[in-house]
Amino acid sequence: MATTQSSTKKRKSASSGANGAKPDVPGVSAEKLLEFYNQMVYVRLFEEACQRAFRQGRVGGYLHVYIGQEAVAVGLLDTYQPEDRVITAYRDHAHALLLGSPPNEVMAELYGKGTGIVKGKGGSMHLFDVPNGLMGGYGIVGGHIPLGVGMAYAMAYQQTGGIVQLYFGDGAIHNGAYHEAANLAGLWGKSGMNPTLFILENNQYGMGTSVERATANTDLGSKFASYGIEHEKVDGMDVVAMNEAAHRLSKQVRETGVPFAIEAMTYRIAPHGAADFLEKYRSKEEVKEARKRDPIGLLEQRILDAGAADEEALETIRKANKEIADAAVTFAEESPDPDIAELYTDVYADSPEVHSA
Ligand SMILES: Cc1ncc(C[n+]2csc(CCOP(=O)(O)OP(=O)(O)O)c2C)c(N)n1
0 MATTQSSTKK RKSASSGANG AKPDVPGVSA EKLLEFYNQM VYVRLFEEAC QRAFRQGRVG
60 GYLHVYIGQE AVAVGLLDTY QPEDRVITAY RDHAHALLLG SPPNEVMAEL YGKGTGIVKG
120 KGGSMHLFDV PNGLMGGYGI VGGHIPLGVG MAYAMAYQQT GGIVQLYFGD GAIHNGAYHE
180 AANLAGLWGK SGMNPTLFIL ENNQYGMGTS VERATANTDL GSKFASYGIE HEKVDGMDVV
240 AMNEAAHRLS KQVRETGVPF AIEAMTYRIA PHGAADFLEK YRSKEEVKEA RKRDPIGLLE
300 QRILDAGAAD EEALETIRKA NKEIADAAVT FAEESPDPDI AELYTDVYAD SPEVHSA
């Protein structure tokens, strides 16, 4: 049972695996490449386990995995500081795991168990882990964007020194909530009062609707520019590129209080949700082609080419993470349902008092 990392803040590499050779990536050590690899494999294998559990009918509600997008959160959350806050939509398992949420509790949450990270009340789409900086997990597309921008305003006002990493999809950018919030972020940024790092995860689709079928203006960056927010497009399949941009731009946002937007060009390799099998909106060939740039495959090749580790070391990392995912499933399955008394707790800020009033 490999649950030892469950309380580890920001997971590090399970095995250095490095043979001492210098990788050919400027500024990135062999150790760092392996740390990224470990984190990406951790997320991928956990997500595969989630998808399996859902399809076996063991997880209720709905469930969306992050398969194909791992390089985005891994590259960005490497810059996380304890005073920062992270907020995202419903594709939120990776963010929780990478911030240090215990995998057992994340899996148990999906199962709706009392041992879940929000005691079984949130499910897959509503993970929260305030001590580790995760302010949710939201199911309403675009609904969390004003919350993230408001949070950044509060942080600037209280001079906490933190920034908000605000993740959302290419579907969400067409929601009215985005436009209201982006307008205020740009405006507040003029006086250094909005340290929001917008992270648009352009995975090409909002459910079955491609970007081309969702908007006449497919230049999504222009939707930041129109609110006075600078933006940069980054290869979201390349963890090193994501990480370089993340460090540079999070530093800039932290120092200036001016929002900035990253458009991470990525691809959702898995179906939209675990219940989707048909995928009529895209061809098998397209997915096959995209898999050639699977972020884990790309990193693996880079590690091997650079001599940063050999295949055996990578297999050791995969095996360790498979054990973590399997242990999380066992934990979730064996956990009790939430206690009935929990029905009224954590619903309002002063839940017990409100209930007894
Ligand atoms: C306000 C609202 N409208 C519609 C939906 C149904 N819905 C769920 S996911 C989704 C697609 C969103 O796509 P995107 O923001 O690109 O995120 P992705 O799933 O690609 O990560 C839609 C339309 C919803 N949950 N909320």
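Using numbering that gives the first Met the number 0, the letters of the sequence shown correspond one by one to residues 0 to 356.
Note that CB positions come from ideal geometry on N, CA and C, so glycine has one too.
Cβ of Val85 versus every heavy atom of ligand 1: is any distance shorter than 6 Å? no
Here's a check: name, in chain order, each residue in its chain whose Cβ is nearer than 6 Å to the Cβ of Ala20, leaving out the five neighbours to either side. Below a pLDDT of 50, predicted positions are generally treated as unreliable, and Ala20, at 40, falls in that range; the measurement from the model is reported next regardless. Result list for Ala20: Gly306, in chain order.
If you measure between the beta carbons of Thr78 and Ser221, is that distance less than 7 Å? no
Could you check if Gly191 belongs to the surroundings of ligand 1, using beta carbon to heavy atom distance under 6 Å? no
Hey, Asn103 and Ala327: beta-carbon distance below 7 Å or not? yes
Assuming Leu76 contacts Leu98 (C-beta within less than 8 Å), just tell me the rounded distance between them. 6 Å
Just curious, the alpha helix (DSSP H) that Phe330 is in, first and last residue? Glu310 to Glu333
Please report how far the alpha carbon of Asn37 lies from the alpha carbon of Gly26, in whole angstroms. 19 Å
Any chance the CB of Asp91 is under 6 Å from a heavy atom of ligand 1? no
Count the other CB atoms, across all protein chains shown, that sit within 10 Å of the CB of Tyr347; report buried if there are 16 or more and exposed otherwise. exposed
Tell me which residues share the same chain as Gln251 and place their Cβ nearer than 8 Å to its Cβ, disregarding the 5 neighbours each side in the sequence. Val257 and Phe259
Just confirm the distance between the C-beta atoms of Ala213 and Gly272, as a whole number of angstroms; I'd bet it's less than 8 Å. That belief does not hold up - the Cβ atoms of Ala213 and Gly272 are roughly 18 Å apart, past 8 Å.
Residue span of the beta strand (DSSP E) that contains Ala263, given as start and end: Phe259 to Met264
Spatial neighbours of Gly142 in its chain, beta-carbon cut-off 7 Å, leaving aside the 5 residues before and after: Ala176
Tell me the rounded alpha-carbon separation between Tyr166 and Met264. 13 Å
Please return the same chain residues whose Cβ sits closer than 6 Å to the Cβ of Glu229, not counting the five positions on each side in sequence. Phe259
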